[in-house]
Structure formats: C-alpha cells, structure tokens
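Novice: Numbering (my numbering), first residue to last: 4 to 260. All residues carry an ideal CB built from backbone N, CA and C; glycine is no exception. Quick caveat, the model's predicted, so the values are computed rather than measured.
#1: With respect to the beta strand (DSSP E) encompassing residue 262, which residues constitute its N-terminal and C-terminal limits?
#2: Run the CB neighbour count on residue 134, radius 10 Å, all protein chains shown included, and call it buried at 16 or more, exposed below.
#3: According to DSSP, is residue 260 part of a helix, a strand, or is it coil?
#4: Relative to the C-alpha of residue 155, which candidate in 99, 190 and 202 has its C-alpha closest?
#5: Would you call residue 198 buried or exposed, if buried means 16 or more other Cβ atoms sit within 10 Å of its Cβ?
#6: Have a look at the DSSP bridge pairing and note the partners of residue 35.
#7: Would you check if the distance between the CB atom of residue 142 and the CB atom of residue 171 is smaller than 9 Å?
#8: For a quick check, are the C-beta atoms of residue 161 and residue 110 less than 9 Å apart?
#9: Would you mind stating whether residue 61 and residue 166 have Cβ atoms separated by less than 9 Å?
#10: For the stretch 35–53 against the stretch 122–130, do three or more pairs of beta-carbon atoms, one drawn from each stretch, fall closer than 8 Å, so that the two count as touching?
#11: Could you tell me the distance, in whole angstroms, from the CA atom of residue 55 to the CA atom of residue 80?
#12: What are the boundary residues of the alpha helix (DSSP H) that residue 100 is part of?
#13: Spatial neighbours of residue 116 within its chain, please: CB distance less than 6 Å, with the 5 preceding and 5 following residues excluded, ordered by chain position.
#14: When you compare the CB positions of residue 248 and residue 26, do they come within less than 9 Å of one another, or not?
#15: Go ahead and pull the three-state DSSP assignment for residue 305.
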C-alpha cells in the first residue's frame, strides 16, 4: 500500500513538472536541482528524485554536467513528428486487429464509442460537456484497437510518447473559437462527423477482416488531426506548444486533484 501511494505521488508530481515544462514555466536548457524543485512543489527529495527519473526516460529533461538535470522541452515540430509516429502505430494496430481471430469480442466497445459520438452530433452543440463526452468515447475507440491488436509493443510504444500534447490515446482537436460563432460550431461538428464516419469505416473493415482497408483508413484518420491544426494555426508560423495543448482541449492539472 505504501509503495502504491508513493508511486501515485511520483506519477502525479512528474505530470505536474512535465506540464510546467511544456507550458514554459521552465525554459529550454534551464538547470533543475532537486533542492529547488522540493521548494517549488513543497515535497521531499524522494518523490522529486523519482519523478525526475520518470521525466528523464521521457526525454523531457536530461542529466546536466555535474549534479542536477537540464530542461529539454519539446518543440512544435517534434510533437507533430510524434503525432505521425503514433498514426503509423495505430494504422498497424488496426491492420493487426482486423486479422485477429478474437476481434469480435472487442467490437462492441468500438460500436458503443461510435454511438456515443453520434448522440453528441445529434444534439448539435459542442460545449465543454459535449467535447468531454466525445473525447472519452474517442479514447475508448482508439484504446480498444491498441489493446486488441495482439502486439503489446504497439501499445507500449504509444505509451512512451503519450505524455506529449495531442499524443494521449484518442486525443481530439477542436478549433479554439468553436463557441464564438455559429460558423465555428458548424465547422467543429463537421469535423467530428467526419472523424466518426471514419470510425465507422474502420469498424466495418475490422469486422470483415479487411486488413488493407482498416490500415488505410486509420492512417487517413490519424492525419486529420494534424491537418486540422494546420488549417487553423496562425499564418505567421508562430504556433506554439501551448497552442497545441489548447487545441487538444487539455486542461491544466493541479497537484492533489
């Protein structure tokens, strides 16, 4: 029980430090010492030390010369590259699931996810509650494929980059102005409709054992997220990591939640 509680603290603390790094609270190349972080986050050295080891494995920080760590914050280009990698992995997962003899037992989870998003679309609005419901269903759809593909290394590899903005299983992207006008709302609903239509095609391909179609549609589906970001990013190439977090609907976390 003590070990489980300690692991939870370490993971939560690592998530908070990671978020602060990504949001720019710590600058690229800045040195992080255990003593300083203990003071900032009001915890002892042990959870700080373990949290830093987790972040080092994620390449969010690197060991500096001598003692301590140096911030290695991801860039927009690196995040978009990681999105491409995840897209290829999910495409592979869809192909593998389509050829799995046990795929039928996982299909009901995917069907319910599709139906949930369909209900959101029928309601015709994309407020915060609707977006959370759609994102939860989207996570179920994508996580089911990763879990049912029969290759544990696919899901494992996805997990290694899931801490980055837009890289968590089932991440969705919405135009930040989506509630500002009826046009923005319609645009968001159209994108959600398109994504769910692709879900349906992927579902049917997997159900029928059509490996090629399942893989191809999943690849196209994964590209729509980046395409959507590029459609609505500012034209002066000033897209930031914070923008990617805002587009993906990620909410800042607070220690203890």
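Specialist: For this structure:
#1: Here the chain covers residues 4 to 260 and nothing more, so residue 262 does not appear.
#2: Flag for residue 134 reads buried.
#3: Only weak support is given to the placement of residue 260: the predicted model assigns it a pLDDT of 45, under 50, and the value that follows is read from those uncertain coordinates. Reduced to three states, the DSSP call for residue 260 is coil.
#4: For residue 155, the closest C-alpha among the options 99, 190 and 202 is that of 99.
#5: Residue 198 sits buried, since 16 or more C-beta atoms from the chains shown fall within 10 Å of its C-beta.
#6: Beta-bridge partners of residue 35 (DSSP): 72.
#7: Yes, the Cβ-Cβ distance between residue 142 and residue 171 is below 9 Å.
#8: With respect to residue 110, residue 161 sits apart: the two C-beta atoms are not nearer than 9 Å.
#9: Yes; because the gap between Cβ atoms is below 9 Å, this pair is in contact.
#10: No, they do not touch.
#11: Counting only the Cα atoms, residue 80 lies some 24 Å from residue 55.
#12: In the DSSP assignment, residue 100 falls within the alpha helix (DSSP H) that extends over 79–101.
#13: Cβ neighbours of residue 116 within its own chain (closer than 6 Å, five residues either side excluded): 140, 143 and 144.
#14: For the 9 Å CB-CB criterion, residue 248 and residue 26 form a contact.
#15: Residue 305 lies beyond the residue range present for the chain, which begins at 4 and ends at 260; the question has no answer from this structure.
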